[in-house]
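Enquirer: One structure, pasted below without further comment.
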Amino acid sequence: AYVQQSLMKKLVRQLLQGVEVALVLDDGGKMPASLSVDFQVAHLVIRTSQSARAIPLGDIRGDVIIRGNASIPGTTGPDAVKCSTLLMQDNQFVSLAFADVPSRSFFDAVFRAMLAARQAGATPVKA
């Protein structure tokens with residue numbers, strides 16, 4: 011539990027500062043984006059040069075990783091191992107491409123744990 015909380019704190023600190031990712035577009039193209047959380051750790055914020063979207067963490071389903079679905083950009087092909095797709099309660103999704111597999115794996119593991127803790131009613135993790 012201590013290691014998990016330590017990793018969550020590390021991710022939250024990184025997300026408070028902003029993490030550079032690429033937003034995977036419907037046509038499979040990529041747009042540079044910044045991924046962050048607000049100070050209350052209640053919203054995931056995705057910023058591009060054109061817009062910003064705040065997604066309530068409560069709207070993101072716990073099954074973060076989607077792979078092999080040809081109808082969802084970023085889940086198939088050689089770059090899929092560097093992508094994570096967040097599925098919302100309303101069946102919308104956002105696909106994010108990371109610089110490398112370790113960055114994506116770290117995000118997936120800790121973000122999934124953070125969502126599980128939040129859905130279980132645990133106190134939000136503070137950095």
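Numbering (the working numbering), first residue to last: 11 to 137.
Using N, Cα and C, we set each Cβ at its ideal position, and we do this for glycine too.
Just how far apart, CA to CA, sit leucine 125 and aspartate 118?
Expert: In a straight line, the C-alpha of leucine 125 is about 10 Å away from that of aspartate 118.
Enquirer: Helix, strand or coil for alanine 137, going by three-state DSSP, please let me know.
Expert: Confidence in alanine 137 is poor, its pLDDT being 49 and thus under 50, which makes the residue's placement unreliable; the coordinate value appears in the next sentence. Alanine 137: coil per DSSP, three-state reduction.
Enquirer: For valine 111, does the three-state DSSP call read helix, strand or coil?
Expert: Three-state result, valine 111: helix.
Enquirer: By alpha-carbon positions, which one of Val120, Ile82, Met98 ends up nearest to aspartate 36?
Expert: It is Ile82 whose Cα lies nearest to the Cα of aspartate 36.
Enquirer: Can you find the residues in the same chain that come closer than 7 Å, C-beta to C-beta, to alanine 107, ignoring five residues on each side of it along the sequence?
Expert: So the list reads Val31, Ala32, Val34, Lys40, Gly84, Asp89, Lys92, Cys93, once near-sequence residues are dropped.
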